[in-house]
Amino acid sequence: MNNNSFHLQEILLVVRKNMHSVWVFTIVVGLLGAAALFLVPRKYESTVVLTANNPQITDKAALFNQQIQSLYSGYGSTDDLDRIIGISMLDTLYLAMVDQFKLHLVYRLNALDTLRLRQLAAKKLRKDVQLERTDQQQLKMNVRFKHPDTAASIANAMQQWISKHAMQENKNRYEKIVAVLNEKIKGLEAEYQETTGKISQANALAQINWLVQDQQRLLQQAQEIRKSKEEFAVGLAAMPELVAVQQVATPNLKHVYPNEWMFIFLFLLGGFATGVLWVIIRNSK
4 MNNNSFHLQE
14 ILLVVRKNMH
24 SVWVFTIVVG
34 LLGAAALFLV
44 PRKYESTVVL
54 TANNPQITDK
64 AALFNQQIQS
74 LYSGYGSTDD
84 LDRIIGISML
94 DTLYLAMVDQ
104 FKLHLVYRLN
114 ALDTLRLRQL
124 AAKKLRKDVQ
134 LERTDQQQLK
144 MNVRFKHPDT
154 AASIANAMQQ
164 WISKHAMQEN
174 KNRYEKIVAV
184 LNEKIKGLEA
194 EYQETTGKIS
204 QANALAQINW
214 LVQDQQRLLQ
224 QAQEIRKSKE
234 EFAVGLAAMP
244 ELVAVQQVAT
254 PNLKHVYPNE
264 WMFIFLFLLG
274 GFATGVLWVI
284 IRNSK
């Protein structure tokens with residue numbers, strides 16, 4: 004242990020005697036690193052903040068029952084926000100942004116076919132987009148780009164695509180229900196016409212009474228289904244945006260990458276360590 008302490012003291016003594024060399028290494032590496040930072044492309048960040056609206060607001064129970072309306076919150080649940088986050092991670096979203104902003108040209112990519120070119124650009128864009136879920140049940144989309152205006156435009160375009168996609172999914176569900184109810188009504192109307200023909204051909208009074216009762220049953224079913232269809236149609240017409248935009252993206256004139264002071268500190272630290280190592284090796288026997 005004493006031998007190890009002795010060698011450590013020798014190393015510290017050598018470093019202390021050659022501190023001027025260590026400082027030269029530190030300053031040179033720091034200056035070279037600072038100069039290299041001017042060659043690194045700046046990136047500017049724009050942020051859009053989203054949250055989920057409650058899709059049950061358009062439920063017929065909320066629209067037609069006054070006592071239950073107070074039970075429906077305007078904001079959605081964590082599951083609704085998870086659905087929005089899932090949409091924001093779709094490849095189709097990033098491919099749409101590549102096509103809209105011609106990002107394969109901006110990134111200066113080369114590929115043999117258009118499909119591969121779009122995929123490469125979407126992959127690079129995905130690296131420039133950071134999704135952050137907050138404790139306030141919000142989704143922050145941070146978009147970094149070398150032009151501040153383009154960063155804000157891409158962030159807002161992504162928000163619009165997500166809102167449209169989420170809205171279309173919910174709208175399709177309602178439209179499918181309305182279409183199924185329409186088909187059911189048409190089937191009941193056809194049965195009613197068929198029963199009317201049977202009544203005109205029937206001779207026995209008991210058979211006629213039975214057919215008339217069957218007609219009334221068909222009319223009652225048709226009325227109930229029409230009522231449900233009208234309620235779903237009202238819900239479709241009154242359907243709000245499922246994605247609430249709490250903050251639109253605006254251009255940020257201060258770049259977020261690279262962090263010059265952090266990199267300069269790391270360069271100086273690396274230069275100092277390199278200088279110490281060089282002095283030790285040079286003076287070793």
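In short: position in the sequence shown from 1, add 3, done, that's our numbering.
For glycine and all other residues, C-beta sits at the position ideal for the given N, C-alpha and C.
Predicted model only: the values in this text are computed from it and were never measured.
What did DSSP end up calling residue i once you bin it into helix, strand or coil?
| i | result |
| --- | --- |
| K293 | Since the displayed the chain opens at 4 and closes at 288, residue 293 lies outside it and no answer follows. |
| L269 | helix |
| T198 | helix |
| L245 | coil |
| A225 | helix |
| N57 | coil |
| V17 | helix |
| V51 | strand |
| W281 | helix |
Do you know offhand how far residue i's Cα is from residue j's?
| i | j | result |
| --- | --- | --- |
| I71 | R147 | Any reading at I71 must be qualified, since the residue scores a pLDDT of 45, below 50, and its modelled position is unreliable; the value itself is stated next. Cα to Cα, the separation comes out at about 44 Å. |
| F104 | I157 | 8 Å |
| L16 | S24 | 14 Å |
| L222 | A209 | 20 Å |
| Q204 | D217 | 15 Å |
| S80 | V215 | 50 Å |
| S73 | R129 | Unreliable positioning characterises S73 in this predicted model, as indicated by a pLDDT of 47, which lies under 50. A coordinate reading is not provided. |
| M92 | T153 | 20 Å |
| N255 | N57 | 32 Å |
| V279 | V18 | 6 Å |
| G274 | E135 | 36 Å |
| Q250 | Q163 | 13 Å |
| S287 | V132 | 50 Å |
| A276 | K20 | 16 Å |
| W264 | P44 | 16 Å |
| Q201 | N175 | Here residue 201 is Lys; the residue named in the question, Gln, does not match the sequence. Distance between the alpha carbons of K201 and N175: 39 Å. |
| S231 | D102 | 42 Å |
| K149 | R285 | 44 Å |
| I267 | W281 | 21 Å |
Which whole-angstrom value describes the C-beta separation of residue i and residue j, a residue pair presumed to lie in contact below a C-beta threshold of 8 Å?
| i | j | result |
| --- | --- | --- |
| T50 | M170 | With a Cβ gap of about 22 Å, T50 and M170 do not count as contacting. |
| A289 | L245 | The structure shown does not extend to residue 289, since the chain spans only 4 to 288, so no value can be given for it. |
| A247 | L84 | Rounded, the Cβ-Cβ distance is 11 Å, inconsistent with contact. |
| G89 | F270 | G89 to F270, Cβ: 41 Å. No contact. |
| M22 | M100 | The Cβ separation is near 53 Å, so there is no contact. |
| A155 | T29 | Incorrect: roughly 40 Å between the Cβ atoms, too far for contact. |
| H107 | R121 | 6 Å |
> In chain order, which continuous runs of the beta strand (DSSP E) of length 3 or greater are located wholly inside the stretch 93-153?
Replying inline: Those beta strand (DSSP E) runs which fall completely within the stretch 93-153 and span 3+ residues are 132-136, 142-148.
>> With a threshold of 8 Å, are at least 3 pairs of Cβ atoms found where one atom belongs to the stretch 235-242 and the other to the stretch 172-184?
In response: Contact holds between the stretch 235-242 and the stretch 172-184, because three or more Cβ pairs, one in each stretch, are under 8 Å apart.
>> Does the structure place the stretch 121-138 close enough to the stretch 93-102 that three or more beta carbon pairs sit under 8 Å?
In response: Put simply, the stretch 93-102 touches the stretch 121-138. At least three CB pairs are less than 8 Å apart.
> On the three-pair Cβ rule with 8 Å, is the stretch 247-261 touching the stretch 43-57?
Replying inline: In this structure the stretch 247-261 lies against the stretch 43-57, because at least three pairs of beta carbons, one per stretch, are closer than 8 Å.
>> Could you check whether the stretch 111-123 touches the stretch 185-200, counting it as contact only if at least three pairs of C-beta atoms, one from each stretch, sit closer than 8 Å?
In response: No, they do not touch.
>> Under 8 Å: do the stretch 130-143 and the stretch 190-204 share three or more Cβ pairs, one atom per stretch?
In response: Taking one beta carbon from each stretch, the stretch 130-143 and the stretch 190-204 have fewer than 3 pairs nearer than 8 Å; the two do not touch.
> Which residue spans inside the stretch 151-218 form an unbroken alpha helix (DSSP H) run of at least 4?
Replying inline: You should have 151-204.
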